[in-house]
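Quick note on numbering: the sequence shown equals residues 31 to 747 in the numbering used here. Okay, so here's the structure we're looking at.
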Amino acid sequence: MEQSQLTDLLGQMTLDEKIGQLLQITGDFYSDKAEERTGPMTQLGLDEDDLANAGTVLGVTGAEECRKIQTAYMKRNRLHIPTLFMGDVIHGFRTIFPIPLGLASSWDESAAETMARVSAHEASVSGLFVTFSPMVDLVRDARWGRVMESTGEDPYLNGKLAAAMVHGYQGDDLLADTTRVAACVKHFAAYGAAVAGRDYNTVDMSERQLRDMYLPGYKTAIDAGAKLVMTSFNTVDGVPASGNRHLFRDILRREWGFDGVVISDFGAVKEMISHGVAADERDAAKLAIKAGVDIEMMTVCYLRHLKDLIVSGEVPEQVLDESVMRILELKNDLGLFENPLRGADAEAERTVVMSKQHRDAARRVAEESMVLLKNDDATLPLDASRKIALLGPAAKSTDLLGAWSWKGQEDDVAALDVSLREAGIQVSTVDGDFDYLQPSDQAVEEAVRVAKDADVVVLALGEPSYMSGEASSRSDIRLPQAQLDLFKAVAAVNDRIIVTLFNGRPLDLSDIQSAKAIVEAWFPGTEGGRALADVLTGAVNPSAKLTMSFPVSVGQVPIYYNVDNTGRPYENDPEGKYVSKYLDVSNYAAYPFGFGLSYSKFEYGEVKVEDHEFDADNPLKVSVELRNVSEREGTEIVQCYVHDLVGEVVRPIKQLKGYERVTLAAGESRTVTFTITEEDVRYVHADYELDSDPGDFDVMVGPNSRDLSKAVRVHLF
Ligand code: NOJ
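Have a look at this one:
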């Protein structure tokens with residue numbers, strides 16, 4: 031449709047029809063069984079006219095189901111405007127990839143793009159037009175259950191991965207390519223900074239910090255073309271995001287020029303009453319529409335009160351028209367006026383969803399996402415000639431998909447025991463199930479007996495998936511006590527323990543440090559069991575590195591590598607009394623940002639710069655020679671960090687400015703080069719302007735944020 035036709039269409043709409051466009055409800059409301067509709071309709075107080083006007087639908091899939099709903103809907107809608115199906119396809123549709131925190135550990139933008147591309151294809155043939163991904167919330171607090179949905183603690187890496195996902199979802203031509211879906215960046219803004227890691231809790235930070243650290247990830251995803259933005263549940267500077275004009279009108283729309291659709295999170299408009307910034311639904315509607323929220327998800331403040339607010343002159347009709355136009359434009363950008371079912375195709379659904387190609391892609395990405403945290407005495411890879419026991423709650427578990435895997439099915443998953451046997455490794459296990467939290471005494475005794483008899487024990491531990499994700503914060507981020515007890519009991523009879531972990535957050539692993547090897551496998555998705563088996567056998571050489579610090583103790587949380595300088599730096603004198611530190615634990619992470627081992631061994635040469643000076647026209651060229659000094663091919667993620675020595679405001683002690691995945695054959699070496707521009711060292715100044723400070727900088731290169739090269743001093747003019 032031409033823009034002029036959209037304008038005509040808007041002109042023909044009644045006030046009720048326009049307001050209807052702003053409502054998002056779930057698919058239950060369109061069930062063809064009247065009895066299934068009645069409950070939800072009564073609950074929200076909706077009538078048939080409301081359903082005929084509601085602009086978008088949440089959480090329906092299936093080509094046939096979507097076709098039925100769309101066909102009926104367009105008949106009932108007076109102007110035959112199609113509805114729009116949205117849903118949460120977060121790390122895969124039915125073929126599930128690793129949770130985003132795992133995916134991010136690959137530091138591989140092409141892996142992120144592949145995940146999104148496969149997800150889009152499966153989702154689009156199944157009738158979806160929009161996915162609520164990528165989630166770009168910067169996270170520093172492992173207590174927060176939703177860290178699993180994030181890509182970690184670094185704004186630069188988060189932005190790169192988010193942009194890759196947006197491209198994977200939307201492709202280059204969303205209109206023409208119906209195997210793609212529109213992406214929705216969330217949760218704007220700073221949802222990851224909930225105080226004390228408690229979900230939905232207050233976020234309180236300076237505007238400068240917000241702009242410097244938390245907003246860049248979202249901005250990069252928006253610059254990559256994401257069509258929608260979702261509000262967050264939290265407050266920012268005392269104002270809930272869904273009513274925060276400053277966030278949406280000033281920053282998102284005016285400063286960044288975003289002209290796509292803003293959707294509230296589930297129920298977040300009405301929640302402004304609970305927050306205590308709106309007296310009632312009318313007030314909440316007024317705050318949200320004025321803030322620039324176009325679609326209200328699953329509550330009816332707009333539907334009930336917007337008309338009155340417009341008639342009374344409290345909200346100009348122009349504001350409503352702008353929102354409606356953005357929604358119509360999104361429908362038009364997706365080609366729905368001409369093709370209201372878009373890519374939905376029941377036949378393709380059968381061949382595309384969970385195709386071999388998609389499963390293979392999920393397996394490759396899972397392989398790239400598993401982090402080898404420890405490997406003393408080269409305990410891994412497994413020696414197939416030894417007697418191997420596979421024990422623990424995750425040994426036979428198919429709970430590998432993660433908390434946000436909606437259409438994923440555990441039946442599709444090969445558990446670790448099955449996968450190891452498929453890979454030709456004979457393992458002894460115990461009969462029956464082994465509970466994550468409360469295993470029977472008999473199961474534990476049996477495990478200890480099998481462990482005693484083995485040369486090496488693979489102890490498969492972790493969190494059940496419900497322990498991370500939304501509304502799943504934890505104050506104790508150790509493994510469940512029963513698993514620590516199991517570890518202790520097994521260690522008493524066999525000290526050759528390899529721990530594998532399926533979980534959704536950085537954990538405090540201090541109690542299992544005596545393990546010879548630890549593999550962090552996250553929730554690795556449909557093919558995750560096989561991917562982990564390949565890492566254990568050595569068929570795959572691990573290459574992943576953490577994107578979120580693992581603390582020594584929960585007391586260090588929030589912990590992150592890019593901390594600001596203090597006036598009493600711990601680094602200068604960790605033993606000193608009057609330095610910024612704890613009495614009972616070091617400041618450092620157990621496993622820092624960027625950390626991960628390989629079965630290969632890499633050595634770094636001296637860091638060199640082409641010229642010690644740089645300016646806006648002449649970037650800095652930093653290089654280092656990387657050598658694979660082992661006998662097997664491997665991939666190293668080389669990382670480049672910069673420290674701005676004197677800033678207008680206090681600067682972090684280091685910040686990631688470049689990274690590269692480098693695969694080297696045994697004995698091979700290669701020079702890895704990073705280009706750092708003046709723009710790369712800009713940051714948000716006290717006046718909120720993005721600028722750099724001329725002066726000295728230190729540049730460091732290395733395998734993780736802790737074990738870096740000696741700093742090379744350079745100067746920016
Ligand atoms: C609530 C979650 O916060 C959000 O991430 C999700 O997209 C919506 N529900 C819709 O399911």
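Quick reminder that beta carbons are idealized off the backbone N, C-alpha and C, glycines included. Quick caveat: nothing in here was measured; it's all calculated off a predicted structure.
Where residue i and residue j are concerned, what is the direct C-alpha to C-alpha distance, given to the nearest angstrom?
{"i": "T113", "j": "T209", "result": "18 Å"}
{"i": "A512", "j": "P494", "result": "13 Å"}
{"i": "A574", "j": "G624", "result": "9 Å"}
{"i": "L402", "j": "K631", "result": "13 Å"}
{"i": "D721", "j": "V711", "result": "8 Å"}
{"i": "N231", "j": "G297", "result": "15 Å"}
{"i": "S415", "j": "D564", "result": "16 Å"}
{"i": "Q387", "j": "V155", "result": "16 Å"}
{"i": "V615", "j": "V582", "result": "8 Å"}
{"i": "A408", "j": "Y629", "result": "8 Å"}
{"i": "A150", "j": "K216", "result": "17 Å"}
{"i": "N524", "j": "A481", "result": "6 Å"}
{"i": "G11", "j": "S470", "result": "Residue numbering for the chain in the displayed model covers 31 to 747; residue 11 lies beyond these limits and cannot be assessed."}
{"i": "V256", "j": "Q200", "result": "Note on identity: in this sequence residue 256 is Ala, with Val being the wrong assignment. Rounded to the nearest angstrom, the two C-alpha atoms are 8 Å apart."}
{"i": "V488", "j": "V90", "result": "41 Å"}
Is the separation between the beta-carbon of residue i and that of residue j shorter than 7 Å?
{"i": "V299", "j": "A318", "result": "yes"}
{"i": "G635", "j": "V659", "result": "no"}
{"i": "L531", "j": "E557", "result": "no"}
{"i": "R389", "j": "T125", "result": "yes"}
{"i": "V225", "j": "A213", "result": "no"}
{"i": "C96", "j": "A376", "result": "no"}
{"i": "V672", "j": "K687", "result": "yes"}
{"i": "N617", "j": "K611", "result": "yes"}
{"i": "V714", "j": "D242", "result": "yes"}
{"i": "G198", "j": "E285", "result": "no"}
{"i": "Y248", "j": "V323", "result": "no"}
{"i": "A396", "j": "A561", "result": "yes"}
{"i": "K770", "j": "D447", "result": "Nothing can be reported for residue 770, as the shown portion of the chain is limited to 31 through 747."}
{"i": "P411", "j": "G568", "result": "yes"}
{"i": "L450", "j": "V443", "result": "no"}
{"i": "Y186", "j": "A220", "result": "no"}
Could you have a look at residue i and say whether DSSP puts it in helix, strand or coil?
{"i": "A419", "result": "strand"}
{"i": "L350", "result": "helix"}
{"i": "Q54", "result": "strand"}
{"i": "T144", "result": "helix"}
{"i": "L158", "result": "coil"}
{"i": "N658", "result": "strand"}
{"i": "A213", "result": "strand"}
{"i": "T665", "result": "strand"}
{"i": "Y186", "result": "helix"}
{"i": "D515", "result": "helix"}
{"i": "I252", "result": "helix"}
{"i": "S458", "result": "strand"}
{"i": "V87", "result": "strand"}
{"i": "L627", "result": "strand"}
Quick one: using the 10 Å Cβ neighbour count with 16 as the cut-off for buried, is residue i buried or exposed?
{"i": "K684", "result": "buried"}
{"i": "P604", "result": "exposed"}
{"i": "T329", "result": "buried"}
{"i": "A716", "result": "exposed"}
{"i": "V266", "result": "buried"}
{"i": "G555", "result": "buried"}
{"i": "R681", "result": "buried"}
{"i": "L467", "result": "exposed"}
{"i": "G287", "result": "exposed"}
{"i": "R106", "result": "exposed"}
{"i": "E709", "result": "exposed"}
{"i": "F747", "result": "exposed"}
{"i": "Q100", "result": "buried"}
{"i": "P724", "result": "exposed"}
Cβ of residue i versus every heavy atom of the ligand NOJ: is any distance shorter than 6 Å?
{"i": "R464", "result": "As written in the sequence, residue 464 is Phe, which differs from the Arg given in the question. No."}
{"i": "D167", "result": "no"}
{"i": "D58", "result": "no"}
{"i": "F162", "result": "yes"}
{"i": "F278", "result": "no"}
{"i": "D295", "result": "yes"}
{"i": "D118", "result": "yes"}
Let me see if you follow: with CB-CB separation under 7 Å, is residue i close to chain C or not?
{"i": "A374", "result": "Of the protein chains in this structure there is only one, and it is not chain C."}
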